[in-house]
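Numbering (the UniProt record's numbering), first residue to last: 1 to 355.
Laid out in structure tokens, this is it:
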């Protein structure tokens, strides 16, 4: 009888689509949901506070009419009154933050100012914009390349598999930070070019994982049935095998994005990533590294947001992994506890019958 019992989760998910089941499991992961909310709020804050720049190079140029620095491109201002590139009168001595916790008052410059009077809050928000742009580009490009290379190699095998995997091995043996530093010096300088560069060199790990999945799935019965039905290789790959590998792909894509912000920060700190006059979180830390002891607030906020964004993406990846993992579909039966409970109920029932 115990073998025929249906678990609670099986009853709840019976007849539901895979997307619905995955969504329910993900929403049950409290840390992942909280991280998704935090990441969404950070993104909303960064892009609405100091505005966005559309078109142009995004670099600072001198406006001939006013002889002041402006951004090359169409800048849509945000709700924050200061921007990230102009100097303002220093409010507190040394540019210390004007934020007070009790009673709460953000003041004019809650994150403080540098020695020139630039608003640190605006600079950090602009840095978050650039870092998130790099993360998104790396996630999309590396995922697409990794899936295409891994699926072709794992499905076709033979010489094509050997050729693609040897090419992958060549890229893997070169440290990403070193390769990014060499190419970043030539092609970097802004978020778009850096994101494209890192995306084209960060796909190797995902390609090997996708290849392993395809090598396993291509021998399953549903693939043989698709071949018998006359399906082409393209249809088998993208219609039958790829949907069954989506869990591995999505989870590892989040890991790529989490690593991307750390790589971008490292490259920008070393001067090989996003460079002045544009800024990123790593570039902010690099610019103010000599003031670590005298003005530590210049490091608090960019460092805090780097850690929070990286942790949030990691927790989201953990939630997606648990949601897609087939082993999570069944709740533990706890047969020992069930037997003990039945024994207690039986003994109490026997006592009542004896009375």
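Glycine is no exception: its CB is placed at the ideal position from the N, C-alpha and C atoms. Since we're looking at a predicted model, the values are computed, not measured.
CB-CB under 6 Å to residue i, same chain, minus the five flanking residues each way: which ones, in chain order?
| i | result |
| --- | --- |
| residue 329 | Residue confidence for residue 329 is low, a pLDDT of 45 falling below 50, so the modelled location carries little weight; the figure read from the coordinates is stated next. Correct list: empty, nothing qualifies. |
| residue 333 | Note that residue 333 has pLDDT 40, beneath the 50 cutoff, so the model's placement of it is unreliable and the number below is only indicative. Around residue 333: no qualifying Cβ. |
| residue 145 | 203 |
| residue 360 | Limits of the chain in this structure are 1 at one end and 355 at the other, which puts residue 360 out of reach. |
| residue 251 | 317, 320, 321 |
| residue 275 | 189 |
Quickly, what does DSSP pair residue i with across the bridge? List them, please.
| i | result |
| --- | --- |
| residue 129 | In the DSSP output, where bridge partners are listed per residue, residue 129 has none listed. |
| residue 119 | 113 |
| residue 76 | 52 |
| residue 69 | 62 |
| residue 189 | 274 |
Under a three-way DSSP split, which group does residue i fall into?
| i | result |
| --- | --- |
| residue 218 | coil |
| residue 108 | coil |
| residue 298 | helix |
| residue 179 | helix |
| residue 254 | helix |
| residue 230 | coil |
| residue 98 | coil |
| residue 261 | helix |
| residue 333 | Any reading at residue 333 is ruled out, since the residue's pLDDT is 40, under 50, leaving its predicted position unreliable. |
| residue 328 | Note that residue 328 scores a pLDDT of 48, beneath 50, so its modelled location is shaky and nothing firm can be said. |
| residue 17 | coil |
| residue 160 | helix |
| residue 240 | helix |
| residue 88 | coil |
| residue 414 | This structure gives no information on residue 414, because the portion of the chain shown stretches from 1 to 355. |
| residue 174 | coil |
| residue 201 | coil |
| residue 25 | helix |
| residue 155 | helix |
| residue 266 | helix |
| residue 47 | helix |
| residue 82 | coil |
Closer than 8 Å by C-beta to residue i: which residues in its own chain qualify, once you throw out the five before and the five after it? Chain order, please.
| i | result |
| --- | --- |
| residue 231 | 239, 240 |
| residue 23 | 323 |
| residue 85 | 60, 69, 71, 118, 277 |
| residue 89 | 117 |
Just to confirm, are residue i and residue j a CB contact at a threshold of 8 Å?
| i | j | result |
| --- | --- | --- |
| residue 165 | residue 181 | no |
| residue 143 | residue 249 | yes |
| residue 35 | residue 316 | yes |
| residue 357 | residue 302 | This structure gives no information on residue 357, because the portion of the chain shown stretches from 1 to 355. |
| residue 209 | residue 150 | yes |
| residue 100 | residue 112 | no |
| residue 126 | residue 279 | yes |
| residue 162 | residue 213 | no |
| residue 61 | residue 52 | no |
| residue 50 | residue 87 | no |
| residue 54 | residue 40 | no |
| residue 206 | residue 256 | yes |
| residue 134 | residue 217 | no |
| residue 201 | residue 176 | yes |
| residue 38 | residue 308 | yes |
| residue 46 | residue 171 | no |
| residue 234 | residue 42 | no |
Below 7 Å CB to CB, which residues in the same chain sit around residue i once its five sequence neighbours on both sides are set aside?
| i | result |
| --- | --- |
| residue 310 | 258, 261, 262 |
| residue 299 | 285, 288, 292 |
| residue 94 | 295 |
| residue 422 | For residue 422 there is no data in the structure shown, the boundaries of the chain being 1 and 355. |
| residue 196 | 137, 141 |
| residue 237 | 151, 155 |
Just to check, is the beta-carbon of residue i closer than 7 Å to a non-hydrogen atom of the ligand SAM?
| i | result |
| --- | --- |
| residue 167 | Although the ligand SAM was asked about, the structure shown includes no ligands whatsoever. |
*Touch check for the region 102-112 and the region 20-32: three-plus C-beta pairs under 8 Å?*
These segments do not touch.
*contact_flag[the region 107-125, the region 218-231] where n(CB pairs < 8 Å) is 3 or more*: No, the region 107-125 does not touch the region 218-231.
*Inter-stretch contact (C-beta, 8 Å, three-pair minimum) for the region 264-282 and the region 175-194*: yes
*Contact between the region 188-196 and the region 154-161: three or more CB pairs below 8 Å?*
no
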